[in-house]
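Taking it in order: structure first as structure tokens, then the write-up.
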Amino acid sequence: MALTLRRVSATARYYSEPLEGLGEAIPLQMLQIPEGPFTMGSAEDEPEREDDEIQHEVNVPSFFMARYPVTQAQWRAVAAMPQEKRELKPDPSGFKGDNRPVERVSWYDAVEFCDRLSTHTNRQYRLPSEAEWEYACRAGTTTPFHFGKTLTTEVANYDGNYTYADGSKGEYRRETTPVDSFNIANPFGLCDMHGNVREWCADYYGSYEQTPTDGSAFKTENEEASRILRGGSWNFFPRSCRSAYRDYFTPGFADNLIGFRVSCSAPRT
4 MALTLRRVSA TARYYSEPLE GLGEAIPLQM LQIPEGPFTM GSAEDEPERE DDEIQHEVNV
64 PSFFMARYPV TQAQWRAVAA MPQEKRELKP DPSGFKGDNR PVERVSWYDA VEFCDRLSTH
124 TNRQYRLPSE AEWEYACRAG TTTPFHFGKT LTTEVANYDG NYTYADGSKG EYRRETTPVD
184 SFNIANPFGL CDMHGNVREW CADYYGSYEQ TPTDGSAFKT ENEEASRILR GGSWNFFPRS
244 CRSAYRDYFT PGFADNLIGF RVSCSAPRT
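If you number the sequence shown the way my numbering does, the last residue is 272 and the count never jumps.
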């Protein structure tokens, strides 16, 4: 399948993956994330930080990441493709809407989605590593959120009954929102990185003393080990939507707080 890369800024490129049956729904748009080093984790003076967010240096190679979390329309298109290792429900989400993020999907489901998409496109789709996710979310920023030192419900979907730092209270929507609702992106062009749904990463959970510093995913021989989740959700406090916040759950778990976005190694032009 031919791949056309388009330039979205002086330094960024993207491509849209053709998927049948999307109609007017948002396409699967992949943005190139430039290579670079960054400081992963949170500073010791960051409000409400966790003990496992120890700062350390990581070098991340260039890769592509989806502009948005996988939507329900995109999920249905890929779920209709031939099975690789496991069945996928065509419509698992609790909150319905073509452009809302798919949810109620396990880590295994997300991996199956990537495998089917890889076979269909002959490109290697996968879940992002935890380091890739934080690097892409920060997009060069060092503040708790890529928006700055605090978060408001005018730019992200989380439980607005709670505040962070000197932020104010806001709306608690009690459900997911379409992934393009806020029309705001970080410096890399990515949207919905804080809130809406938690996002599965490829990594098994481990301390930062164990995890790689080359941007790759941390894995163990224990297939039942918990997997990493990033990004907070519509039902989370703002502290849990921070760029550095780490969460984890068993890979078979699924609920309406959890979705994912895909990544792809930088394709040849």
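A virtual CB, placed ideally from N, CA and C, is assigned to each residue, including glycine.
| Item | Value |
| --- | --- |
| Can you give me the C-alpha to C-alpha distance between GLY143 and VAL61, rounded to a whole angstrom? | 13 Å |
| If distances are taken between C-alpha atoms only, which option among PRO40, LEU154 and GLY234 comes closest to GLU305? | In the structure as shown, the chain starts at 4 and stops at 272, and residue 305 therefore has no counterpart that could be examined. |
| Among the residues of its own chain, which have a CB less than 8 Å from the CB of PRO72, if the five just before and after it don't count? | PRO104, VAL105, VAL182, ASP195, ASN199, VAL200, GLU202, GLY262, PHE263 and ARG264 |
| Compare the C-alpha of VAL158 against each of THR42, SER132 and ALA188 and name the closest. | ALA188 |
| Based on DSSP bridge pairs, tell me the residues matched to LEU232. | TRP203 and ASP250 |
| Around the Cβ of ARG9, are there at least 16 other Cβ atoms within 10 angstroms (buried) or fewer (exposed)? | At ARG9 the pLDDT is 42, less than 50, meaning the model places this residue with poor confidence; the figure from the coordinates comes in the next sentence. When all chains shown are included, ARG9 counts as exposed. |
| Excluding the 5 residues flanking SER243 on each side, which residues of the same chain have their C-beta closer than 6 Å to its C-beta? | GLY235 |
| Which first and last residues belong to the alpha helix (DSSP H) in which HIS123 is found? | 110 to 124 |
| Give every residue of the same chain whose Cβ lies closer than 6 Å to the Cβ of PHE116, excluding the five residues on either side of it in the sequence, and list them in chain order. | VAL81 |
| Considering ALA80, what are the terminal residues of the alpha helix (DSSP H) in which it resides? | 75 to 82 |
| For the alpha helix (DSSP H) holding ALA139, just list the boundary residues, first then last. | 133 to 141 |
| Going by DSSP, what residues sit across from VAL158 in a beta bridge? | Per DSSP, none; premise fails for VAL158. |
| Report the three-state DSSP secondary structure of PRO40 (helix, strand or coil). | strand |
| Taking 8 Å as the limit between beta carbons, can you name the residues of its chain near GLY170, skipping five residues before and five after? | THR153, LEU154, THR155 and PRO241 |
| Helix, strand or coil, according to DSSP, for ARG89 in the structure here? | coil |
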